[in-house]
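Student:
There are 4 protein chains.
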Amino acid sequence: MDIIAPVVTPFRSGKLDLDAFASHIRNIVRKGVDAVFVAGTTGLGPALSVEERKALLEAAASAAKRVIFQAGALNLDDVVALVKYAERFDVEAVASVPPYYFPRLSERQIVRYFKDICSATSLPVYLYNYPTATGKDVDARIAKEIGCLKGVKDTNEDIAHTLAYKRLLPDMRAYNGSDSLVLASFAVGLDGVVASSANYMPEVLVGIREAVRAGDLERARRLQFLINEVLDVARPLGYSSAVYELIKAFQGYDVGEPRPPIYPLEDEDKDKLAAAVSKIKEALRL
Amino acid sequence: MDIIAPVVTPFRSGKLDLDAFASHIRNIVRKGVDAVFVAGTTGLGPALSVEERKALLEAAASAAKRVIFQAGALNLDDVVALVKYAERFDVEAVASVPPYYFPRLSERQIVRYFKDICSATSLPVYLYNYPTATGKDVDARIAKEIGCLKGVKDTNEDIAHTLAYKRLLPDMRAYNGSDSLVLASFAVGLDGVVASSANYMPEVLVGIREAVRAGDLERARRLQFLINEVLDVARPLGYSSAVYELIKAFQGYDVGEPRPPIYPLEDEDKDKLAAAVSKIKEALRL
Amino acid sequence: MDIIAPVVTPFRSGKLDLDAFASHIRNIVRKGVDAVFVAGTTGLGPALSVEERKALLEAAASAAKRVIFQAGALNLDDVVALVKYAERFDVEAVASVPPYYFPRLSERQIVRYFKDICSATSLPVYLYNYPTATGKDVDARIAKEIGCLKGVKDTNEDIAHTLAYKRLLPDMRAYNGSDSLVLASFAVGLDGVVASSANYMPEVLVGIREAVRAGDLERARRLQFLINEVLDVARPLGYSSAVYELIKAFQGYDVGEPRPPIYPLEDEDKDKLAAAVSKIKEALRL
Amino acid sequence: MDIIAPVVTPFRSGKLDLDAFASHIRNIVRKGVDAVFVAGTTGLGPALSVEERKALLEAAASAAKRVIFQAGALNLDDVVALVKYAERFDVEAVASVPPYYFPRLSERQIVRYFKDICSATSLPVYLYNYPTATGKDVDARIAKEIGCLKGVKDTNEDIAHTLAYKRLLPDMRAYNGSDSLVLASFAVGLDGVVASSANYMPEVLVGIREAVRAGDLERARRLQFLINEVLDVARPLGYSSAVYELIKAFQGYDVGEPRPPIYPLEDEDKDKLAAAVSKIKEALRL
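Shown next, in the form of C-alpha cells:
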C-alpha cells in the first residue's frame, strides 16, 4: 500500500526552483512518502515545457528512490523524447494522461497513443486516467485493449472504477488519485494512493495507512475527515494554487509558487486558508 | 454492518403477488439479510399506488423483523398518509427520496419536504438519496440543514459522498446503495449497504462481510467482482427487470415479474442473462 | 408557428380549482395562444392522480379549441386509461414523457412503451422529450425506431436536437419546449413552441412571432431577452412555483397555487419576484 | 453575418506545410469565407509550439484579409509573446480559450487570465469559450466581469447561451462555433459563425446564409441537414482528423494530415467517410 506524492513544481518569478523541489521531496520521503509522481496535475505537468520536465525528472531522481514520471503531451514527439530521456534514470515507470483538450478523439486514437508510448520505451508504462481534466475516461476495458500498461493512477471519485482495473487486469498496479478516497483505497486493498495531500499532510496519510492496517477504522476515518476539511476550504480557492500555501502552513517551508495562468492565491484567500489550517492543526494535535 | 435488501415487488398480470413477496423476504432473511427496504427503486416504489404500498408494508412486516419503508411520492398528502400508516407496524424507519422528476426545485423546497415528513411521524426518518434517479443531490450539507434525519441510503458511486454524512452528522446511520460498492462500504466502516444484489445473491454479500471482518480482502474482492460481472451483463438489459430473472436463476424460485412500463425481459435477453449466470455460478462453486 | 401553453394546474388547499383553470385558459387563448398542453411539467402532470388529469382534460376541452393531453405515468394501465378517455374529447393529440425516475431502462423498453401507447389509441401520439426531468433522451433516432409518433415537444436547450426530428422524420410536428429558445424556434422554422412563459407573458410570445415574421430580429431579440430576465430571477426560486406568481403579476388574476412538495413560494421569494417583474413590465411598456 | 473558418493546420511528417495552409485559406476565402480563425481547435492550436503558431499567423496574414489569432496556452508568458507578435500583422483580433486541463481553477483566476491578456496588447481580445474542451464555461456573466472582451466564439450547442453575450454585452461580437447551429446562428441574428465545416463545405455555409437572407428557411434547413449528415459520420471517427479528409473529398486538394496524437484516419475509416461524402455530394448537386 504505497503513498505516492504527485509533487508540486516550485516556481520563482516564472522559473523552476529545483533546489526547493528536491528538498521538498526529501522532506516528504523522510516523513513516509514511498514514491513521487513528477509532472502530474499537482506538478502542473501539462503547463511545463519539455526542458522543464527533464530538469524536474533529474532533480527528482536525485532526491527519491522511487520516481514515476508523467510524460503526457499533445505532441507525440515530445512524449517520446521524454520517455526516452527517462531511461537514463532509475525511474519506476513513465505515465501519461490521454491526449487532453480535444474532445472528439476516437477510442482507436487513444489506444494507439498508449501503444506508441509503450513501443518507444523499455520502461513500464502507467496510465494516468483523469476524466475531469482530460474529458475522456480510459477505463479498465480500454486499458485491457491497450494491452501494454503496467499500472494506473485513476483520479476518480468512484473507487469501483479503480478496482475494475484489478478485476480485468489483475497484474496491473492500481492507484486511486483522489484525496477524499485515501482511506477507502487502503481499505479495499488497492496498491495505494497518489494523493496531492501527500505534499502537505504526509503524516496524516501515513496515519491512515497505519490505522487501516491496525483495523482501527474509527481513527482512519477521523484522519481522512481532516483531509476532507482541508479540501472543503482549498478547492473553491483554486486547489492547484492552494497546495503551495498548504505546504507552507503544514510543513513550515516555502516551495515557491505556481506559474500563471495558475496564479498564486491572493492575500485574502491565503488568509481564509490559514484560518482553516490552524483549526485543523489543532485537531491533529488531539 | 447491515445487509439490507431493497426488495423486489412481484407482479402477476399487473397485480401484486403478496405471497411471493413475503416468501421471498423470508428466504433472503434466512440467508443472512438483516433488514428489508420496501418500495425502493428495485421495489418499483414510485410506480406503485398508495394502496399497493400499504399492502407491501403489511406483508413485509409479517415476514421480516427489520423493515424500512420508502414512502416518497409527488403528493405530500400521500407521503403523510403512508408514514402515518407505517406507525401501525413495528418498522425501523420510514424513508423518502426527494421529489423527483421536477428539475427546478429549490433547496429550500427540498428541505421543507423532509421537515414536513419528520413532523408527520414519530418514526425515524431516513433520506433516500439517489441523484441519478431524482435529478437532485441531497448531500450531507443539505441533510444537516434538514436537521431531523436519522439515517441515509445514499445510492452513489462515490463512497466519500456517503462518508460525508458520517462526517457532518456522526449520529446518522449511513448506508451506500450501490451494488458495486459493497466491499468498499464494509471496508470503510459504513453502517452497511442497501444493495439490490441482496435479492439474488445474499450469500455473496454475507461472504463479503465475513471476509472483510476476517481481514481477507483477497476473498472479499473476488466475491465483489462476481457481483460486478452480473451488473455488466444485467444493466444494459434493464436492471430493474433483470433482477426478477436473477432471483429465479440464483435462488431457484419465481417472484413474478415487474409491471409495464418496467417490462419483463424479452426471451432473447433472458437467454443472455442465463448464460452469464451459469458461468458465475460455476465461479461461485470454486 | 404555434404558440402552445403548457398550462399551469391551479390548486386551492390541495384540491383542483377547475374554474380558475378554465378561465386562465380562456384568457391566454384570447391573447393569442394557439393550443394548450395539459398535465405537462408546468401543469405538474406527474404529480396528479388519474382522476385529476381526467378532470383537467375535460375542463381544458371546454375552454380551448386545440388541446394536447399529456398522459405519461409509471403504470401503463393508467396511461392507457388516460389516452382512451381522451378519445371522448376533440383533442389534437395525446403526449407522453418516457418512463421517468428509473434510470436503467433499456432503449428497447422505452420504444415498447411508446408503441404500446400508439396501439391503445386512435389519436395522434406525441413524444414529450425532457431529458433533464426524465433522465433519458428519446432523440430523433429513437423516435424513428418507435415509428408511430406524430409530433414531439422537445424540452432541450439544443435547438439542433429539436431540428433533428424534422431531419429524420419530416412529417413529424416538432416543438421546442425551452422558454429561452422561443425566438430561435420561430427563426429556424420549427412548428412552434410549447413554452411555460405562454402562461404569464403570452403577449410577448405573440410579439416575438410577429417580429420574426416581419424580419425584425432586433425587436424579436429584445422581447426574448425580457423572458430571459424573468427566468434569471424565477428559476433559482423554484420555477414551477414561480409560474403561479408570474401569472398573478403579469396577467392580474389569481390561479391558486401548486401542491406540495411543489410548495408555493415563501413571502420573501414572492417579493424578490415582484421587484423583478415591475422592472420588466416597465421595459415592456417602452 | 460572418462566415469564419477555424482553419486546419496541415502537417507533413510532423512538420507544418505552410504552402498548403496558405493556399487552402486562399481557396476558401475565394469561395466566400469572410475571415479565418488561426490555431483554434480545428487548427490543433493547443498542440502547437509558440514558433509554429507564429509561422501560421504570418502565413494566414498573407493569405486572408481578416484574421483572428487564437493565442491561448498554459503558460501566460507564451500567451503574451503570441499576442504581442500578432501586433506586427493586420489582425482583426486575438482570441484565447480559458486555461484548459486544470479542473479546479477559480473564477477569479480565469477573470485575471483574460484581464492580463487585455493588458498585454492593444489588439481587440476575443474569448474562445469551449466548455467541452476546456472543462469550464466562461459565460456571459463572467465575460461581463472580465470587462475588456470585444468578441466571443462560443462553441456551445445552446444558442441561447451565445445570445446571452449579446444580452449582457450588446457591443460584443458573438459567434457560435457549432457546425450544427449554422442556420440557427444566422436566423437569430448572431454576428456569424466560426464553423469547421467552412474548411470543407464553404459553399454550403454561403448557401445557408443566402437562404436565410432570402427568407427561404426550407432551403436553409436542407443545406444545414447536409452538414449534420457529414457530422454524423465524421464525429465517431475522430472529427479533428476527419476534417483533413473532408477537405480532400469536397474541395479536391490535399492539405496534409494532423500530427499525432491527433492521428490521421486509418484507411478503413477513410473509406467509410468517402462513401458518406459521395452520397452527400450527390444531394448537393440536386
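Sequences listed follow chains D, A, F and U, in order. According to the numbering used here, the first sequence holds residues 1 to 286 in order. According to the numbering used here, the second sequence holds residues 1001 to 1286 in order. According to the numbering used here, the third sequence holds residues 2001 to 2286 in order. According to the numbering used here, the fourth sequence holds residues 3001 to 3286 in order. Cβ atoms here follow ideal geometry from the backbone N, Cα and C, with glycine treated the same way.
Who are the Cβ neighbours of Y2200(F) in its own chain at under 7 Å, not counting the five residues just before and after it?
Tutor: Position 200 of the third sequence holds residue 2200(F). Excluding residues within five positions, the ones whose Cβ falls inside 7 Å are V2243, L2246, I2247, F2250 and Q2251.
Student: Would you mind telling me which residues of chain A sit closer than 8 Å to A160(D), beta carbon to beta carbon, in chain order?
Tutor: Reading the first sequence from its first residue, position 160 is the one you call residue 160(D). E1157, S1178, S1180, L1181, A1184 and N1228, listed in chain order.
Student: If we require 4 or more residues per run, which alpha helix (DSSP H) segments fall completely within the stretch 152 to 207 of chain D?
Tutor: Correct list: 159 to 168 and 182 to 187.
Student: My output table needs one value for L2975(U): the three-state DSSP class, helix, strand or coil.
Tutor: There is simply no residue 2975(U) to check, as chain U begins at 3001 and stops at 3286 in what is shown.
Student: Please say whether S2178(F) and N2228(F) have beta carbons closer to each other than 8 Å?
Tutor: Sequence index remark: in the third sequence, residue 2228(F) carries index 228 (1-based). Sequence index remark: in the third sequence, residue 2178(F) carries index 178 (1-based). No. Outside cutoff.
Student: Count the other C-beta atoms from every protein chain shown that fall within 10 angstroms of the C-beta of R1088(A), then say buried if there are 16 or more, exposed otherwise.
Tutor: Stepping through the second sequence from its first residue, residue 1088(A) is reached at position 88. So R1088(A) counts as exposed.
Student: Mind listing which residues of the stretch 3140 to 3156 of chain U have their C-beta closer than 8 Å to chain F's C-betas, in chain order?
Tutor: Those residues of the stretch 3140 to 3156 of chain U that come within reach of chain F (Cβ to Cβ, closer than 8 Å) do not exist; the list is empty.
Student: Mind pulling the chain F residues with CB within less than 9 Å of T1009(A)?
Tutor: Here the question's residue 1009(A) lines up with position 9 in the second sequence. In chain order: nothing, as chain F lies at least about 12 Å away.
Student: Please state the DSSP three-state secondary structure of A140(D).
Tutor: Looking up residue 140(D) in the first sequence gives position 140. Note: A140(D) maps to helix in three-state DSSP.
Student: Let me know the secondary structure DSSP gives R2104(F) once reduced to three states.
Tutor: To locate residue 2104(F), count along the third sequence from 1; it is residue 104. Here R2104(F) sits in coil by DSSP.
Student: Within 8 Å (strictly less), CB to CB, does V3193(U) reach chain F?
Tutor: Reading the fourth sequence from its first residue, position 193 is the one you call residue 3193(U). For V3193(U), the answer is no, since every Cβ of chain F falls outside 8 Å of its Cβ.
Student: Label R2213(F) either buried or exposed according to how many other C-beta atoms from any shown protein chain fall within 10 Å of its C-beta, with 16 as the threshold for buried.
Tutor: As a first step, residue 2213(F) must be located in the third sequence, where it is residue number 213. With fewer than 16 other Cβ atoms within 10 Å, it is exposed.
Student: Select from A93(D), F114(D) and Y85(D) the residue whose C-alpha is nearest the C-alpha of I99(D).
Tutor: Working through the first sequence from its first residue, we reach residue 99(D) at position 99. What sits at residue 99(D) in the sequence shown is Pro, not Ile. If we check each option's Cα against that of P99(D), F114(D) comes out closest.
Student: Do S3158(U) and D2158(F) have their CB atoms nearer than 8 Å?
Tutor: Taking the fourth sequence and counting its residues from 1, one reaches residue 3158(U) at position 158. Taking the third sequence and counting its residues from 1, one reaches residue 2158(F) at position 158. The question names Ser, but residue 3158(U) in the sequence shown is Asp. Yes, these two residues count as a Cβ contact at 8 Å.
Student: Would you please verify whether the beta carbon of V1188(A) is less than 8 Å from any beta carbon of chain D?
Tutor: The residue you call residue 1188(A) lines up with position 188 of the second sequence. With 8 Å as the cut-off, V1188(A) counts as an interface residue toward chain D.
Student: In or out: R285(D) buried (at least 16 other Cβ within 10 Å) or exposed?
Tutor: Translated into positions along the first sequence, residue 285(D) becomes position 285. With fewer than 16 other Cβ atoms within 10 Å, it is exposed.
Student: Bridge partners of V2038(F), per DSSP?
Tutor: For the purposes of this step, residue 2038(F) is identified with residue 38 of the third sequence, where counting begins at 1. According to DSSP, V2038(F) bridges with F2069(F).
Student: Residues of chain D with a CB under 9 Å from the CB of L1217(A): which are they?
Tutor: Taking the first residue of the second sequence as position 1, residue 1217(A) is located at position 217. Here the neighbours are A187, V188 and G189.
Student: Judging by CA-CA distance, which residue of F37(D), I3(D), V80(D) and L16(D) is the nearest neighbour of F69(D)?
Tutor: The count along the first sequence starts at 1 and reaches residue 69(D) at position 69. With distances taken between Cα atoms, F69(D) lies closest to F37(D).
Student: Report yes or no: is there a C-beta of chain D within less than 8 Å of the C-beta of T3287(U)?
Tutor: This structure cannot settle anything about residue 3287(U), because the visible part of chain U is limited to 3001 through 3286.
Student: Among residues of its own chain, excluding the 5 on either side of A2140(F), which ones have a beta-carbon nearer than 6 Å to its beta-carbon?
Tutor: Position 140 of the third sequence, counted from the first residue, corresponds to residue 2140(F). The answer, listed in chain order, is A2164, Y2165 and L2168.
Student: Under 8 Å, Cβ to Cβ, is there at least one residue of chain F near F1102(A)?
Tutor: Counting from one through the second sequence, the residue named residue 1102(A) turns up at place 102. Yes, F1102(A) counts as interfacial toward chain F.
Student: For A3133(U), report the span of its alpha helix (DSSP H) as first-last.
Tutor: Looking up residue 3133(U) in the fourth sequence gives position 133. Start and end: P3131 to T3134.
Student: Just curious, the alpha helix (DSSP H) that A3283(U) is in, first and last residue?
Tutor: As a working note, residue 3283(U) is residue 283 in the fourth sequence. Segment D3267 to R3285, the alpha helix (DSSP H) holding A3283(U).
Student: If you run the structure through DSSP and keep just helix, strand and coil, what is S96(D)?
Tutor: Against the first sequence, residue 96(D) aligns to sequence position 96. The answer is strand: DSSP assigns S96(D) an E or B state.
Student: Closer than 6 Å by C-beta to A3071(U): which residues in its own chain qualify, once you throw out the five before and the five after it? Chain order, please.
Tutor: Numbered from its first residue, the fourth sequence carries residue 3071(U) at position 71. Excluding positions up to five away in sequence, the list reads V3079, L3082, V3083, V3094 and S3096.
Student: Between the stretch 1252 to 1263 of chain A and chain D, which residues of the former have CB atoms less than 9 Å from a CB of the latter, in chain order?
Tutor: Cβ contacts with chain D come from no residue of the stretch 1252 to 1263 of chain A.
Student: Count the C-beta pairs between the stretch 1220 to 1239 of chain A and the stretch 2011 to 2029 of chain F that are closer than 8 Å, then say yes if the count reaches three, no if not.
Tutor: As far as the Cβ criterion goes, the stretch 1220 to 1239 of chain A does not touch the stretch 2011 to 2029 of chain F, which means the pair count is below three.
Student: Specify the secondary structure class of L2217(F) as computed by DSSP and reduced to three states.
Tutor: Residue 2217(F) sits at position 217 when you count from the first residue of the third sequence. Helix, per DSSP.
Student: Any contact of the stretch 3020 to 3027 of chain U with the stretch 2264 to 2283 of chain F, i.e. 3+ C-beta pairs under 8 Å?
Tutor: As far as the Cβ criterion goes, the stretch 3020 to 3027 of chain U does not touch the stretch 2264 to 2283 of chain F, which means the pair count is below three.
Student: Do we get a CB-CB distance below 8 Å when we pair N3075(U) with the residues of chain D?
Tutor: For this step, residue 3075(U) is matched to residue 75 along the fourth sequence. So yes, N3075(U) belongs to the interface.
Student: The alpha helix (DSSP H) that contains D2090(F), what's its start and end?
Tutor: To locate residue 2090(F), count along the third sequence from 1; it is residue 90. Element bounds for D2090(F): n/a, residue is neither H nor E.
Student: For the alpha helix (DSSP H) that I1025(A) lies in, which residues bound it at each end?
Tutor: On the second sequence, position 25 is the one that residue 1025(A) refers to. Counting along the chain, the alpha helix (DSSP H) containing I1025(A) begins and ends at L1018 to R1030.
Student: Can you tell me whether E3257(U) is buried or exposed? The criterion is at least 16 other CB atoms within 10 Å of its CB, across all chains shown.
Tutor: The residue given as residue 3257(U) occupies position 257 in the fourth sequence. E3257(U) is buried by the Cβ-count criterion.
Student: What residue range does the beta strand (DSSP E) around I2247(F) cover?
Tutor: Indexing the third sequence from 1 puts residue 2247(F) at position 247. No beta strand (DSSP E) contains I2247(F), which is instead part of the alpha helix (DSSP H) from Y2239 to Q2251.
Student: Does the CB of F1225(A) have a neighbour CB from chain D at under 8 Å?
Tutor: As a working mapping, residue 1225(A) is identified with position 225 in the second sequence. Yes - at least one Cβ of chain D is within 8 Å of the one on F1225(A).
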